[in-house]
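Counting in my numbering, the sequence shown runs without a single skipped number right up to 646 at its last residue.
Take a look at the structure below.
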Amino acid sequence: MKRQPKDIIASSRTISRRALVLGTSQIALMAVLGWRMRSMQVEHADEFRLLAEENRINIRLLPPARGLVFDRNGIAIADNEQNYRVVMVREDAGDVGEVLARLTEIVDIAPEDLSRAMEEMQRRSPFVPVTIAERLTWEDVAKINLNTPALPGISAEVGQSRVYPWGADLAHVVGYVGPVSDYDLSRIDDQDPLLQIPKFQIGKTGAENKLEHTLRGSAGHRRIEVNAVGRVMRELDRQEGDAGKDVQLTIDNRLQTYAQARLDGESAGVVVIDLEHGDLRAIASAPSFDPNLFVRGISVADWEGLNADKYRPLAAKAVQGTYPPGSTFKMITALAAMEDGVVTADETVYCPGHTDVYGIRFHCWKRGGHGNINLHDSLKQSCDCYYYEISQRVGIDKMAAMARKLGLGTKHDLPLSAVASGLAPDKEWKSSVRGEDWRIGDTVNASIGQGYVLASPLQLAIMTARIATGHEITPRLVRLIDGVEQPSGRGESLGLNENTLRRIRAAMTDVCNNRRGTAYGSRILAEGYEMAGKSGTSQVRRITPEERAAGVTRNEDLPWERRDHALFVSYAPLDNPRYAVAVIVEHGGGGSSAAAPIARDVILQALYGGAPPLDAYPASQRDKIDQQQRRIEARIPMGAKSQSRA
């Protein structure tokens with residue numbers, strides 16, 4: 001049927017209205033889009049450009065290589081090794097649990113590592129890489145790389161981890177590193193962004209801790225492009241950081257490993273210091289522990305075993321332990337009295353075996369006494385009553401001042417953990433710390449290194465070095481930093497009367513080389529290598545009058561914890577001394593029997609740069625010494641045996 005004109009007109013009007021509405025809507029929509037595009041491209045251009053760049057480009061820190069630690073001969077004692085690990089960036093992973101489940105199907109990862117990683121990711125920002133597992137094999141790394149499309153946010157990396165080639169022999173000196181913990185972050189004021197990297201290793205103890213900023217270095221960075229699922233597409237830019245500085249210690253690894261082996265089976269410490277620069281050649285504490293256990297994460301069983309050991313393997317006895325120095329302190333009392341002029345070298349004191357002071361009886365170690373005895377013989381035979389008498393004349397304040405002049409009661413500045421200051425007590429100390437007046441009995445006790453007096457083997461070695469040289473020998477542990485020589489420890493003259501020092505040295509010589517000397521059994525026979533020394537025995541229990549009347553119980557008949565400490569200090573050779581040594585054997589009994597042989601053996605190793613000839617020892621001891629040397633040589637690693645002494 002043919003349409004009428006009026007129908008055509010009506011239809012065209014309807015189309016026109018629809019077109020108008022549709023056109024208007026399109027124009028409005030385009031206007032809104034145009035306004036939005038202008039807003040994004042002009043007004044907020046910088047903001048969206050930054051967001052887009054962050055979604056596409058990631059910047060990650062590059063941990064620097066930690067500086068190495070060497071002994072004085074250039075042997076690495078703290079090294080770095082390659083460490084393959086797998087890390088995850090949470091914001092790139094999507095469903096973390098699902099991705100980790102896929103990862104465990106590809107490589108074997110311990111459940112505890114997964115749990116730890118999940119906890120770590122909750123504490124860290126989502127863009128911070130978190131280590132899932134480390135010390136992977138190359139095969140594991142290859143499997144992960146082949147499956148990266150199915151593992152968003154996961155990547156395999158190669159880094160470095162600390163390793164200690166000599167294990168327990170240097171644990172108390174070098175210390176160890178470990179991952180940064182929340183505790184570390186809470187107690188140090190360090191804004192270095194490296195510390196925010198999970199499992200970044202920092203020094204925890206020993207030189208590793210005290211030289212942390214020297215060894216750490218500074219971070220580098222790299223810019224990487226990632227796709228929508230977080231897979232690394234390419235590296236755009238890399239700037240390496242600055243590696244940590246290498247450090248050379250004064251320790252002689254060959255001597256250190258010998259000293260550690262010589263202390264085997266004891267709870268003991270040894271310090272060897274050279275007298276030219278104050279270099280610490282050995283600082284051994286026994287028993288020790290393997291620092292590599294801490295780097296890799298020590299097990300609960302290993303940790304509990306170390307803490308339960310009554311010999312305290314974690315304690316650095318040579319520098320951290322403080323003990324009554326016993327008769328090794330008598331040189332200080334004698335020097336104080338001689339310098340003050342209250343006693344002469346030839347004056348004698350009568351020793352009946354005891355001294356009564358205001359109704360209190362102080363006993364000499366020799367029950368029947370030594371009779372009339374002078375300064376020289378009092379040191380040679382270690383008479384106690386001689387020092388009871390002269391200490392009352394000189395007084396505690398001058399004794400304490402002499403002790404500090406010789407290095408006791410002072411915390412020496414060394415890059416080691418818990419270096420002890422010891423105690424050289426005086427009247428002011430007792431008044432301010434204990435709120436009590438000083439008593440004459442305190443002075444008498446202090447005169448033979450008992451009572452309040454405390455010293456570490458390190459301090460006793462310094463005391464001996466200063467007596468041997470007359471100079472202010474200061475211990476030095478760091479020899480070079482990045483090849484730069486560190487200040488020598490050989491100081492100025494102590495200002496003591498040289499004649500007095502010569503008399504003290506002569507008496508110490510007879511301690512070891514005169515038949516009536518307390519350490520004659522540990523003498524050195526090799527001509528030009530003879531040793532001077534002084535033994536010490538410090539009580540750890542009170543002997544009651546009843547026990548003394550019945551007879552003092554022998555050390556070997558007491559429980560280990562109640563036996564006396566054994567000490568010995570020495571230097572050698574007699575002419576132009578080169579080394580001073582101090583030894584502590586906890587609950588070892590007598591200083592001359594337990595500590596002196598160790599000091600003799602260690603100082604001979606230092607002098608000869610290795611095993612000395614058997615004729616350096618008394619003939620009656622050579623078979624035993626030969627067996628001992630063979631046993632120790634078998635224990636010392638081949639790398640240490642081949643070293644030559646600097």
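For glycine and all other residues, C-beta sits at the position ideal for the given N, C-alpha and C.
If you're wondering where the values come from, they're calculated on a predicted model, not measured in any experiment.
| With contact counted as at least three CB pairs below 8 Å, one residue from each stretch, are the segment 422-441 and the segment 478-493 in contact? | no
| field | The beta strand (DSSP E) enclosing alanine 268, as first and last residue numbers | value | 268-274
| task | Quick one: grab the DSSP three-state call for isoleucine 103. | result | Residue identity differs from the one stated: residue 103 is leucine in this sequence, not isoleucine. Under the three-state reduction of DSSP output, leucine 103 falls in the helix class.
| field | When Ala403, Asn445 and Asp426 are compared against alanine 461, the one with the closest alpha-carbon | value | Ala403
| task | Indicate whether at least one CB of chain B lies closer than 8 Å to the CB of lysine 534. | result | In the displayed structure, chain B is absent; only one protein chain is listed.
| How should arginine 554 be labelled, buried or exposed, when 16 other C-beta atoms within 10 angstroms of its C-beta is the threshold for buried? | exposed
| message | Tell me the rounded alpha-carbon separation between arginine 476 and tyrosine 579. | response | 14 Å
| said: Please report the distance separating the alpha-carbon of arginine 562 from that of histidine 587. | reply: If I take the Cα positions, the gap works out to 7 Å.
| field | For valine 540, three-class secondary structure by DSSP | value | Coil, per DSSP.
| Residue range of the alpha helix (DSSP H) that includes serine 161 | Careful: serine 161 lies outside any alpha helix (DSSP H), inside the beta strand (DSSP E) at 154-163.
| Distance, Cα to Cα, arginine 585 vs valine 484? | Rather than arginine, the amino acid found at residue 585 in this sequence is valine. Distance between the alpha carbons of valine 585 and valine 484: 37 Å.
| request: Thinking alanine 519 and glycine 536 are a contact (beta carbons under 8 Å), I'd like their distance in whole angstroms, please. | output: Your pair alanine 519 and glycine 536 does not check out as a contact, with CB atoms roughly 11 Å apart and the cut at 8 Å.
| request: Starting from aspartate 79, follow the beta strand (DSSP E) in both directions and report where the run begins and ends. | output: 76-88
| Where threonine 355 falls: helix, strand or coil (DSSP) | strand
| said: Considering Cα atoms alone, identify which of Gly395, Asn445 and Asp377 is closest to asparagine 514. | reply: Asp377
| field | Per-residue burial, arginine 17 [other beta carbons within 10 Å of its own, 16 or more giving buried] | value | Residue burial annotation: arginine 17 is exposed, with fewer than 16 other C-beta atoms found within 10 angstroms of its C-beta.
| Quick one, are the C-beta atoms of cysteine 364 and aspartate 384 less than 8 Å apart? | yes
| field | Of the listed residues Asp79, Gln627 and Ala594, nearest to aspartate 246 (C-alpha basis) | value | Asp79
| request: Tell me the start and end of each unbroken beta strand (DSSP E) in the segment 458-496 that is at least 3 residues and wholly inside, in chain order. | output: 471-473, 478-481 and 490-493
| request: Reducing DSSP to helix, strand and coil, say where glutamate 134 ends up. | output: strand
| request: Check whether the Cβ atoms of glutamate 339 and threonine 500 sit closer than 8 Å, and answer yes or no. | output: yes
| field | Distance between alanine 259 and leucine 656 (C-alpha atoms, nearest Å) | value | What is shown of the chain runs 1 to 646, which leaves residue 656 out entirely.
| task | Quick one: give me the first and last residue of the beta strand (DSSP E) that arginine 361 is part of. | result | 360-363
| Where leucine 50 and serine 285 are concerned, what is the direct C-alpha to C-alpha distance, given to the nearest angstrom? | No answer about leucine 50 holds up, because its pLDDT of 47 lies below 50 and its placement is not dependable.
| request: Note down the Cα distance separating alanine 566 from arginine 479, rounded to an integer number of angstroms. | output: Straight-line Cα distance between these residues: approximately 31 Å.
| query | From the DSSP output, which residues share a beta bridge with glutamine 248? | reply | Among the bridge pairs identified by DSSP, glutamine 248 is matched with Phe70 and Leu480.
| query | So, leucine 61 versus leucine 185, is the Cβ gap smaller than 8 Å? | reply | no
| query | Are there three or more Cβ pairs, one per stretch, closer than 8 Å when the segment 123-136 is compared with the segment 87-97? | reply | yes
| Rounded C-alpha distance that separates tryptophan 35 from isoleucine 27 | The alpha-carbon atoms of tryptophan 35 and isoleucine 27 are separated by roughly 12 Å.
| field | glycine 371: first and last residue of the uninterrupted beta strand (DSSP E) it sits in | value | 371-373
| task | Per DSSP, which residues does tyrosine 579 bridge with? Please list them. | result | Asp274 and Ala572
| query | Assuming methionine 399 and isoleucine 504 make a contact with CB atoms under 8 Å, what is their CB distance in whole Å? | reply | Not really, about 15 Å apart at Cβ, beyond 8 Å.
| field | Opening and closing residue of the alpha helix (DSSP H) in which valine 444 lies | value | 440-447
| Using a Cβ-Cβ cut-off of 6 Å (strictly less than) and excluding sequence neighbours within five positions of isoleucine 360, which residues of its own chain qualify? | Gly441
| query | Can you tell me whether histidine 213 is buried or exposed, with buried defined as 16 or more other CB within 10 angstroms of its CB? | reply | exposed
| field | Integer-rounded CB distance, given that proline 64 should sit under 8 Å from alanine 243 | value | At roughly 5 Å, the Cβ-Cβ gap stays under 8 Å, so alanine 243 and proline 64 are in contact.
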